[in-house]
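Novice: I'd like to ask some things about the structure below.
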Amino acid sequence: MTHADFPPAGSEPLEIAEGGIVRFREFFEDLHSRWIKLERCQHYDESGFDAYEAFLRGERGQTRRLIRRMVKNQFVYPLARERGIEMTRIRVFERPVTSYLRDFEALAYEADEEMGERIFLVPEETARLTLGKVGDFLIFDEKLLVCLVYSQETPARLLSAWANRDPSTIRQYVNIANKLIARSERFSDNPQALS
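At position 73 of the sequence shown the residue is numbered 73 (this note's numbering), and the sequence of numbers has no breaks.
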C-alpha cells in the first residue's frame, strides 16, 4: 500500500497563531456540504483556554462546564445546521488512553455530538496501516485539504499548517478518512473506549 505524503507536495503554508489556523473561520464559512477532521496527536497544547487550564488543575466539574460552554458558543455548529453540513471527526487513540483524551477530549466529544458532529474512534494499531506517516488533517467540501504539523513533545504544539487544493490529493485523503471510518466505532456507541 502506498501512503500519502504529509504534507503533500504542492501544499502552501498557512499562517498560524495562538495554536490555530488564522483563516479557519474563512474556510469554514465557505463550506457547503462536508467537513472532516482527523486527530492523531494524543495530547494537544491548548494553553490559554479556560477549560484546558481547569483540566490541568484537575478540576473535572469545572472542565466539563467550561467545555460545554465553549462548544455551544462555537460559530461552526449553527452554520453547519443551517447549511446541512456533515461534520465528521475521526479520533485515533493509543492505549493506554492519555488523561487528556479521557478527562478533556471525551468531555468535548460529548458536547460536539450533542451539537450534531459525528465522532469516530479508531485505535492507533488499526489506523497505522491506513495512515502511515499522515498526521492531523482537515477536509473542507473535498475542495481544500489542510494538514497540521505538530511537535513530537507532550503536549504537542502546532508547528505549521499547509493548504492543498489539488483534487487528486484531496481524493486520496478523503479515501483515507473513509477507510478509517469503515474501521471505526462511533463515540456515542462506546464512549468508554476513551477511558
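All C-beta atoms in this analysis are idealised placements derived from N, C-alpha and C, irrespective of residue type, glycine included.
Predicted model, so just to flag it, every value in this text is computed and none were measured.
Would DSSP call residue 176 helix, strand or coil?
Specialist: By 1-based counting over the sequence shown, the position of residue 176 is 176. The answer is helix: DSSP assigns residue 176 an H, G or I state.
Novice: If you check the beta carbons only, do residue 57 and residue 88 fall under 7 Å apart?
Specialist: Numbered from its first residue, the sequence shown carries residue 57 at position 57. Numbered from its first residue, the sequence shown carries residue 88 at position 88. Not in contact: residue 57 and residue 88 (Cβ atoms no closer than 7 Å).
Novice: Near residue 43, what residues of its chain come up, given a Cβ to Cβ distance below 6 Å and the 5 sequence neighbours on each side ignored?
Specialist: One-based indexing of the sequence shown puts residue 43 at position 43. Taken in chain order, the residues that qualify are 98, 100, 154 and 155.
Novice: In angstroms with no decimal places, state the Cα-to-Cα distance between residue 174 and residue 149.
Specialist: Numbered from 1 along the sequence shown, position 174 holds the residue referred to as residue 174. Numbered from 1 along the sequence shown, position 149 holds the residue referred to as residue 149. Their backbone Cα atoms lie some 18 Å apart in a straight line.
Novice: Check residue 26 in the structure and name its three-state DSSP category.
Specialist: The residue labelled residue 26 in the question sits at position 26 within the sequence shown. In the structure shown, residue 26 sits in a helix (DSSP, three-state: H, G or I).
Novice: Do you know whose CA, among 92, 116, 180 and 9, lies nearest residue 196's CA?
Specialist: Residue numbering for the chain in the displayed model covers 1 to 195; residue 196 lies beyond these limits and cannot be assessed.
Novice: What span of residues does the beta strand (DSSP E) with residue 156 cover, start to end?
Specialist: Residue numbering aside, residue 156 sits at position 156 when the sequence shown is read from its first letter. Where residue 156 is concerned, there is no enclosing beta strand (DSSP E), given that its DSSP letter is neither H nor E.
Novice: I need the DSSP call for residue 75, collapsed to helix, strand or coil.
Specialist: Here residue 75 corresponds to residue number 75 of the sequence shown, with the count starting at 1. Residue state, collapsed to three classes: coil.
Novice: Starting from residue 59 and walking both ways along the beta strand (DSSP E), at which residues does that stretch end?
Specialist: As a working note, residue 59 is residue 59 in the sequence shown. First-last for residue 59: undefined, no H or E at that position.
Novice: Just reading off the beta strand (DSSP E) that residue 98 is part of, what are its end residues?
Specialist: As a position in the sequence shown, residue 98 is number 98, starting the count at 1. Residue 98 -> no beta strand (DSSP E), and no H or E assigned at all.
Novice: Quick check on this structure: which residue in 64, 15 and 5 has the alpha carbon closest to the alpha carbon of residue 158?
Specialist: As a position in the sequence shown, residue 158 is number 158, starting the count at 1. For the residues 64, 15 and 5, the minimum Cα distance to residue 158 belongs to 15.
Novice: Between 162, 168, 182 and 146, which has its C-alpha nearest residue 37's C-alpha?
Specialist: By 1-based counting over the sequence shown, the position of residue 37 is 37. Closest by alpha carbon: 146.
Novice: For residue 83, tell me which candidate among 5, 52, 31 and 107 has the shortest Cα-Cα distance.
Specialist: Sequence index remark: in the sequence shown, residue 83 carries index 83 (1-based). Among 5, 52, 31 and 107, the Cα nearest to that of residue 83 is on 31.
Novice: Going by DSSP, name the residue or residues bridged to residue 89.
Specialist: Here the question's residue 89 lines up with position 89 in the sequence shown. BP columns for residue 89 point to 37 and 119.
Novice: How would you call residue 78, buried or exposed, if buried means at least 16 neighbouring beta carbons within 10 angstroms?
Specialist: Taking the sequence shown and counting its residues from 1, the one referred to as residue 78 is at position 78. That one is exposed.
Novice: Going by the beta-carbon positions, is the gap between residue 180 and residue 106 smaller than 7 Å?
Specialist: Numbered from 1 along the sequence shown, position 180 holds the residue referred to as residue 180. Numbered from 1 along the sequence shown, position 106 holds the residue referred to as residue 106. No, Cβ-Cβ distance for residue 180 and residue 106 is not below 7 Å.
Novice: Can at least three beta-carbon pairs, one atom from the region 3 to 14 and one from the region 59 to 74, be found at a separation below 8 Å?
Specialist: Output reads no: the region 59 to 74 does not touch the region 3 to 14.
Novice: Rounded to a whole number of angstroms, what is the C-alpha to C-alpha distance between residue 67 and residue 133?
Specialist: In the sequence shown, the residue the question calls residue 67 occupies position 67. In the sequence shown, the residue the question calls residue 133 occupies position 133. Answer to the nearest angstrom: the Cα atoms are 30 Å apart.
Novice: At what residues does the beta strand (DSSP E) containing residue 124 begin and finish?
Specialist: Here residue 124 refers to the residue found at position 124 of the sequence shown. Taken as a continuous stretch (DSSP letters only), residue 124 belongs to no beta strand (DSSP E), being part of the alpha helix (DSSP H) at 124 to 131.
Novice: Would you tell me roughly how many angstroms separate the C-alpha atoms of residue 125 and residue 94, rounded to the nearest one?
Specialist: As a first step, residue 125 must be located in the sequence shown, where it is residue number 125. As a first step, residue 94 must be located in the sequence shown, where it is residue number 94. The alpha-carbon atoms of residue 125 and residue 94 are separated by roughly 8 Å.
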